[in-house]
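Line by line, the protein sequences are chains A and B.
Heads up, the first sequence is in the working numbering, so the first residue is 1 and it goes up one at a time.
Heads up, the second sequence is in the working numbering, so the first residue is 1001 and it goes up one at a time.
For every residue, glycine included, the Cβ atom is placed at its ideal position computed from N, Cα and C.
As the structure is a computational prediction, the values presented were derived from the model and not from experiment.
See structure below.
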Amino acid sequence: MKKLLIVIALVCMTPTFVLAGARILVPERNWNFGLAHKGGPLSHPYWIKNIGDDTLRINVRPG
Amino acid sequence: MAPVQKDVLAPGDSTVVELVFNTNSVVKPPLVIRKHANITSNDSTQAVVAINFEGKVVPDTDTVSTMAFGPKILQFGPDDRKQEITFENVKDSVSLSVKLVGYVMDDLAIKVPNKPIQPGKKGKIEIEWKGDLPEYDVGRSLTFKTGSSESPQFSAAYSIKGAKGPRPAPSKPIKPQQAANPQGTSRQAPTSKDVVKGAATSQPQGIPVKADSVKVENPLDQKQWPPK
């Protein structure tokens, strides 16, 4: 039991660790432009990262 | 170095997709717009991730909001590298502290007022385009915080005139691309292969928005990513 607790504690203290399989991370998923005038484009970039240990295949489509 | 087309990310790799909304599709402002795109992947824990944005397209003569600003769009070109956004604090109870938020995709130097703009006063944001001439026209926007609870953010659209004019429509949809230099500082012009167009989803409040007004573009530069 004590060893198990130590293992759990070590895992929790590890700042970053690789997750099994392909894992997608999109840290910022919502953006608010606030006020805007009609007449030009509004644009925002979204960052995507693979934080897993396998190849991540992605496809992006307007919903 | 042009971006390398890639929809496959090795462990640790990253990429950027850009959602663009054409405000000209708004027939009658004011209109709150809400849009989203879906990122599908082989992540067994979350096969679909939705990315969303919203905003309020206001008329040129907006008399409701806490602030007024213009012009409608900044137009940069080889002979027009410096532009200004002017804004006015039109309400009498709050001061506006303007600050740039979000990521800037192009090589722009942006100078915001270093003091809050008091009620009834005007301010200006100076913007200088320092990049190389892009191959095709570029259209994006800048978003600023105001410090006002009533109008907390506003966005100004800008365009950069490219050497070949408007980007031709792609013959068929392609997938987003990965930046060639994820940690680098160079800024790359988009190519005609970079745009993905598709049907938009919209949850307008009363007025429909055209269905082709969202596109997904390639990543260009990740100098300031990931976002803090």
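_Taking only three categories from DSSP, how would you classify Thr1040 of chain B?_
Position 40 of the second sequence, counting from 1, holds the residue named residue 1040 of chain B. Reduced to three states, the DSSP call for Thr1040 of chain B is strand.
*Between which two residues does the beta strand (DSSP E) containing Ser1141 of chain B stretch?*
One-based indexing of the second sequence puts residue 1141 of chain B at position 141. Residues 1138-1145.
*For Ser1025 of chain B, name the three-state secondary structure that DSSP assigns.*
Here residue 1025 of chain B refers to the residue found at position 25 of the second sequence. Of the three classes helix, strand and coil, the one that applies to Ser1025 of chain B here is helix, per DSSP.
*Short Cβ contact (7 Å threshold) for Ile51 of chain A with Arg23 of chain A*: As a working note, residue 51 of chain A is residue 51 in the first sequence. As a working note, residue 23 of chain A is residue 23 in the first sequence. Yes, they are a contact pair.
*For Ile51 of chain A, name the three-state secondary structure that DSSP assigns.*
Mapped onto the first sequence, residue 51 of chain A falls at position 51. Residue state, collapsed to three classes: coil.
*Leu1009 of chain B: buried (16+ other C-beta within 10 angstroms of its C-beta) or exposed?*
Within the second sequence, numbered from 1, the residue matching residue 1009 of chain B stands at position 9. The C-beta of Leu1009 of chain B has 16 or more other C-beta atoms within 10 Å across all chains shown, which makes the residue buried.
*asked:* I want to know whether the region 1056-1073 of chain B touches the region 1021-1038 of chain B - three or more CB-CB distances under 8 Å.
replied: The region 1056-1073 of chain B vs the region 1021-1038 of chain B: in contact.
_Straight-line Cα distance separating Pro1119 of chain B from Asp1013 of chain B_ = Taking the first residue of the second sequence as position 1, residue 1013 of chain B is located at position 13. Taking the first residue of the second sequence as position 1, residue 1119 of chain B is located at position 119. So the alpha carbons of these two residues sit roughly 47 Å apart.
*Is any beta-carbon of chain A found at less than 7 Å from that of Asn1022 of chain B?*
Counting from one through the second sequence, the residue named residue 1022 of chain B turns up at place 22. Interface residue, yes.
*Among residues of its own chain, excluding the 5 on either side of Glu1126 of chain B, which ones have a beta-carbon nearer than 6 Å to its beta-carbon?*
For this step, residue 1126 of chain B is matched to residue 126 along the second sequence. Within the same chain, Glu1126 of chain B has close Cβ partners Glu1084, Lys1111.
*Would you say Val60 of chain A and Ala1050 of chain B are within 7 Å of each other, going by their C-beta atoms?*
Translated into positions along the first sequence, residue 60 of chain A becomes position 60. Translated into positions along the second sequence, residue 1050 of chain B becomes position 50. No; because the gap between Cβ atoms is not below 7 Å, this pair is not in contact.
*What is the DSSP secondary structure of Ser43 of chain A, reduced to helix, strand or coil?*
Counted from its first residue, the first sequence places residue 43 of chain A at position 43. DSSP places Ser43 of chain A in the strand class (E or B) of the three-state scheme.
*Go ahead and pull the three-state DSSP assignment for Ser1065 of chain B.*
Counting from 1 along the second sequence, the entry for residue 1065 of chain B is found at position 65. Looking at Ser1065 of chain B - three-state DSSP - the assignment turns out to be coil, as it is neither helix nor strand.
*Leaving out the 5 sequence neighbours to the left and right, which residues in its chain are closer than 6 Å to Val1048 of chain B when beta-carbon positions are compared?*
Here residue 1048 of chain B refers to the residue found at position 48 when the second sequence is read from its first residue. Closer than 6 Å at Cβ, skipping near neighbours: Asn1038, Thr1040.
*asked:* Considering only the alpha carbon of each residue, which of B:Gly1139, B:Asn1024, B:Ser1065 lies closest to Gly1162 of chain B?
replied: Indexing the second sequence from 1 puts residue 1162 of chain B at position 162. Of the candidates B:Gly1139, B:Asn1024, B:Ser1065, the one whose C-alpha sits nearest the C-alpha of Gly1162 of chain B is B:Gly1139.
*For Pro27 of chain A, is the classification buried or exposed, using 16 other Cβ atoms within 10 angstroms of its Cβ as the cut-off for buried?*
Taking the first residue of the first sequence as position 1, residue 27 of chain A is located at position 27. Exposed is the call here.
_Three-state class that DSSP yields for Pro1134 of chain B in the structure shown_ = Residue numbering aside, residue 1134 of chain B sits at position 134 when the second sequence is read from its first letter. Looking at Pro1134 of chain B - three-state DSSP - the assignment turns out to be coil, as it is neither helix nor strand.
*How is Ala1157 of chain B classed by DSSP in three states: helix, strand or coil?*
Taking the first residue of the second sequence as position 1, residue 1157 of chain B is located at position 157. Strand, per DSSP.
_beta strand (DSSP E) segment containing Pro62 of chain A, residue limits_ = In the first sequence, residue 62 of chain A corresponds to position 62, counting from 1. From DSSP, the beta strand (DSSP E) with Pro62 of chain A extends over 56-62.
*Would you please verify whether the beta carbon of Ala20 of chain A is less than 7 Å from any beta carbon of chain B?*
Here the question's residue 20 of chain A lines up with position 20 in the first sequence. For Ala20 of chain A, the answer is no, since every Cβ of chain B falls outside 7 Å of its Cβ.
_Sequence-distant residues of the same chain with beta carbon closer than 6 Å to Lys1082 of chain B, five excluded per side_ = Taking the first residue of the second sequence as 1, we reach residue 1082 of chain B at position 82. Excluding sequence neighbours, Lys1082 of chain B sits near Glu1128.
*Closer than 7 Å to chain A by CB, Val1098 of chain B*: Start at 1 with the first residue of the second sequence, and residue 1098 of chain B comes out as number 98. So no, Val1098 of chain B is outside the interface.
*Which first and last residues belong to the beta strand (DSSP E) in which Asn1114 of chain B is found?*
Taking the second sequence and counting its residues from 1, the one referred to as residue 1114 of chain B is at position 114. Counting along the chain, Asn1114 of chain B falls outside any beta strand (DSSP E), and DSSP gives it neither H nor E.
*Using the C-alpha atoms, what's the distance from Ser1149 of chain B back to Gly1131 of chain B?*
Position 131 of the second sequence, counted from the start, is the residue given in the question as residue 1131 of chain B. Position 149 of the second sequence, counted from the start, is the residue given in the question as residue 1149 of chain B. Rounded to whole angstroms, Gly1131 of chain B to Ser1149 of chain B spans 35 Å at the Cα level.
*Can you tell which of B:Ser1065, B:Lys1122, B:Asn1052 has the C-alpha that lies nearest to the C-alpha of Pro1113 of chain B?*
Here residue 1113 of chain B is taken as the residue at index 113 of the second sequence, counted from 1. For Pro1113 of chain B, the nearest C-alpha among the options comes from B:Lys1122.
*Please report the residue range of the beta strand (DSSP E) in which Glu1126 of chain B lies.*
Locating residue 1126 of chain B in the second sequence gives position 126, counting from the first residue. First-last of the beta strand (DSSP E) with Glu1126 of chain B: 1122-1129.
*Count the other CB atoms, across all protein chains shown, that sit within 10 Å of the CB of Ile58 of chain A; report buried if there are 16 or more and exposed otherwise.*
Numbered from 1 along the first sequence, position 58 holds the residue referred to as residue 58 of chain A. Ile58 of chain A is buried by the Cβ-count criterion.
*Contact with chain A by Asp1246 of chain B, beta-carbon distance below 7 Å*: Outside the displayed span of chain B (1001 to 1228) sits residue 1246 of chain B, for which this structure offers no information.
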